[in-house]
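Here is the structure we will look at, set down as structure tokens.
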DNA sequence: GTCTATAAATAGATAGAC
DNA sequence: GTCTATCTATTTATAGAC
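Residue numbers (the UniProt record's numbering), protein chains in the order written: chain E, 1 to 196; chain H, 1 to 196.
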């Protein structure tokens, strides 16, 4: 929520910056590059954003809002734990496919974004993401579907990292569709890779 | 392999730089900070290394050499595919525990390290790491132990990311030992999280 | 709303004294 | 082998004309 709530140029800055941040890293991307990608000179950026950090913040805030909207839809369905876990896997993969740059920034720079002053709302969103997964896992344990000998947090972190890091290798244009990846991912984590 | 093959200070620079690179990122770490951590002034760094990038290269080269040494030990054992896969999981987790900073740099900056000129030997090492996993997976498929409906590369990437990213959350000082994590990790990926 | 011009700080790296 | 001093380039951000 900067000075002009929305405009074509404002959106172009966010879009171009996200691509650059994902490819080169936030720190290695200069405001001049962001400006060039948006078709303006660097001084003009400061009409839309107070600083380079403010651009990063806006990108991540929007991204987390969209992600949490999808997660809330998934847990609103009254299906069993296995279906809901698959729903979270699929929602995450679809989000990564729809917003790969933002997902990559989220993976690469989250640690530093959380630490820095003013990162409280990001921290809160990240916590809600985690809690959504843990609730589904706990539900599956309580209903006797999931194993009790694996700590829920450990399982959560394993599947979380495996799912999200797919943004680094999954190619939507290939012959292996995202729906298949979602099914394979759920099946490996729930049924295992050994033949029964 | 810089000018003085080895010295206390040389080692101190590598150690301090690894910690800083892991915590702040390579780009955000200045040569002055590296020098301060090693107890010298920035000018003195250039007696040991030609550039900041040369420090990063040396850290990653040593790390990958140590990792591949462990991997070669694992695949040299003539056990079945399940045991060898567990061996790779355990070797990776132990490496991450022994060299957490280097592992974090490997995860965060590998993409950029590979791309830049002179990164061919790193690329070759990364390829050998991948091939080690794929060989074990292929062996398990051929011997009828692993599923054939999941693409080997997909399974490799899922378990690879889950295992390596544990460096971001695993705490060696906690009550959950690394050996248990290795067992849980192997079991989740091979047997699944659902109760049988 | 965009540009020009530039301020102010910081970066990697070098030269030479000690 | 280390430090002092500094060069050169780059970076974020600002001020003010248009």
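Think of the CB as a built atom: it goes at the ideal place given N, C-alpha and C, for glycine as much as any other residue. If you're wondering where the values come from, they're calculated on a predicted model, not measured in any experiment.
Between the alpha carbons of residue i and residue j, how many angstroms are there, rounded?
{"i": "residue 99 of chain H", "j": "residue 76 of chain E", "result": "42 Å"}
{"i": "residue 44 of chain H", "j": "residue 36 of chain H", "result": "10 Å"}
{"i": "residue 91 of chain E", "j": "residue 51 of chain H", "result": "44 Å"}
{"i": "residue 86 of chain E", "j": "residue 179 of chain H", "result": "29 Å"}
{"i": "residue 12 of chain H", "j": "residue 182 of chain H", "result": "31 Å"}
{"i": "residue 65 of chain H", "j": "residue 46 of chain E", "result": "47 Å"}
{"i": "residue 38 of chain E", "j": "residue 9 of chain E", "result": "7 Å"}
{"i": "residue 3 of chain E", "j": "residue 14 of chain E", "result": "With a pLDDT of 46 at residue 3 of chain E, under the threshold of 50, the predicted position of this residue should be treated as unreliable, and no value is reported."}
{"i": "residue 67 of chain E", "j": "residue 48 of chain H", "result": "47 Å"}
{"i": "residue 101 of chain H", "j": "residue 109 of chain E", "result": "16 Å"}
{"i": "residue 113 of chain E", "j": "residue 119 of chain E", "result": "6 Å"}
{"i": "residue 177 of chain E", "j": "residue 196 of chain H", "result": "29 Å"}
{"i": "residue 159 of chain E", "j": "residue 42 of chain H", "result": "43 Å"}
{"i": "residue 97 of chain H", "j": "residue 103 of chain H", "result": "9 Å"}
{"i": "residue 6 of chain E", "j": "residue 61 of chain E", "result": "15 Å"}
{"i": "residue 133 of chain H", "j": "residue 184 of chain E", "result": "18 Å"}
{"i": "residue 130 of chain E", "j": "residue 27 of chain H", "result": "29 Å"}
{"i": "residue 32 of chain H", "j": "residue 25 of chain H", "result": "15 Å"}
{"i": "residue 217 of chain E", "j": "residue 34 of chain H", "result": "The structure shown does not extend to residue 217 of chain E, since chain E is modelled only from 1 through 196, so no value can be given for it."}
{"i": "residue 148 of chain H", "j": "residue 163 of chain E", "result": "20 Å"}
{"i": "residue 21 of chain E", "j": "residue 54 of chain E", "result": "13 Å"}
{"i": "residue 95 of chain E", "j": "residue 59 of chain E", "result": "14 Å"}
{"i": "residue 63 of chain E", "j": "residue 40 of chain H", "result": "43 Å"}
{"i": "residue 193 of chain H", "j": "residue 194 of chain E", "result": "12 Å"}
{"i": "residue 93 of chain E", "j": "residue 71 of chain E", "result": "12 Å"}
Using a Cβ-Cβ cut-off of 9 Å, state whether residue i counts as contacting chain H.
{"i": "residue 112 of chain E", "result": "yes"}
{"i": "residue 21 of chain E", "result": "no"}
{"i": "residue 18 of chain E", "result": "no"}
{"i": "residue 159 of chain E", "result": "yes"}
{"i": "residue 162 of chain E", "result": "yes"}
Closer than 9 Å, CB to CB, is residue i near chain E or not?
{"i": "residue 79 of chain H", "result": "no"}
{"i": "residue 191 of chain H", "result": "yes"}
{"i": "residue 1 of chain H", "result": "Summary for residue 1 of chain H: the model assigns pLDDT 49, below 50, so the residue's position carries little reliability, and this model does not support an answer."}
{"i": "residue 54 of chain H", "result": "no"}
{"i": "residue 133 of chain H", "result": "no"}
{"i": "residue 118 of chain H", "result": "no"}
{"i": "residue 155 of chain H", "result": "yes"}
{"i": "residue 176 of chain H", "result": "yes"}
{"i": "residue 82 of chain H", "result": "yes"}
{"i": "residue 100 of chain H", "result": "no"}
{"i": "residue 123 of chain H", "result": "no"}
{"i": "residue 92 of chain H", "result": "no"}
{"i": "residue 25 of chain H", "result": "yes"}
{"i": "residue 181 of chain H", "result": "yes"}
{"i": "residue 145 of chain H", "result": "yes"}
{"i": "residue 199 of chain H", "result": "Here chain H comprises residues numbered 1 to 196, so residue 199 of chain H is not present and cannot be evaluated."}
With 16 other CB atoms within 10 Å as the buried threshold, where does residue i fall?
{"i": "residue 30 of chain E", "result": "exposed"}
{"i": "residue 152 of chain E", "result": "buried"}
{"i": "residue 115 of chain H", "result": "exposed"}
{"i": "residue 78 of chain E", "result": "exposed"}
{"i": "residue 107 of chain H", "result": "buried"}
{"i": "residue 69 of chain E", "result": "exposed"}
{"i": "residue 73 of chain H", "result": "exposed"}
{"i": "residue 174 of chain E", "result": "exposed"}
{"i": "residue 18 of chain H", "result": "buried"}
{"i": "residue 84 of chain E", "result": "buried"}
{"i": "residue 81 of chain E", "result": "buried"}
{"i": "residue 161 of chain H", "result": "buried"}
{"i": "residue 1 of chain H", "result": "Only weak support is given to the placement of residue 1 of chain H: the predicted model assigns it a pLDDT of 49, under 50, and the value that follows is read from those uncertain coordinates. It counts as exposed."}
{"i": "residue 111 of chain E", "result": "exposed"}
{"i": "residue 124 of chain H", "result": "exposed"}
What I want to know is whether the C-beta of residue i ends up closer than 8 Å to one or more non-hydrogen atoms of the ligand ADP.
{"i": "residue 91 of chain E", "result": "The ligand content of the structure shown is nil, which means the ligand ADP is not present either."}
Specify whether the region 156-172 of chain E and the region 128-144 of chain H touch according to this definition: at least 3 beta carbon pairs, one from each stretch, less than 8 Å apart. No: the two stretches stay apart, fewer than three of their Cβ pairs being nearer than 8 Å.
What ranges does the beta strand (DSSP E) occupy inside the region 32-56 of chain H, keeping only unbroken runs of at least 3 residues that lie completely in it? Segments of the beta strand (DSSP E) lying fully in the region 32-56 of chain H: there are none.
Where are the alpha helix (DSSP H) runs, 4 residues long or more, that stay fully inside the region 138-183 of chain E, in chain order? 152-164
Ignoring anything shorter than 4 residues, give me the alpha helix (DSSP H) runs that lie fully in the region 92-121 of chain E, in order along the chain. Counting whole runs of 4 or more residues, the region 92-121 of chain E contains the alpha helix (DSSP H) stretches 100-115.
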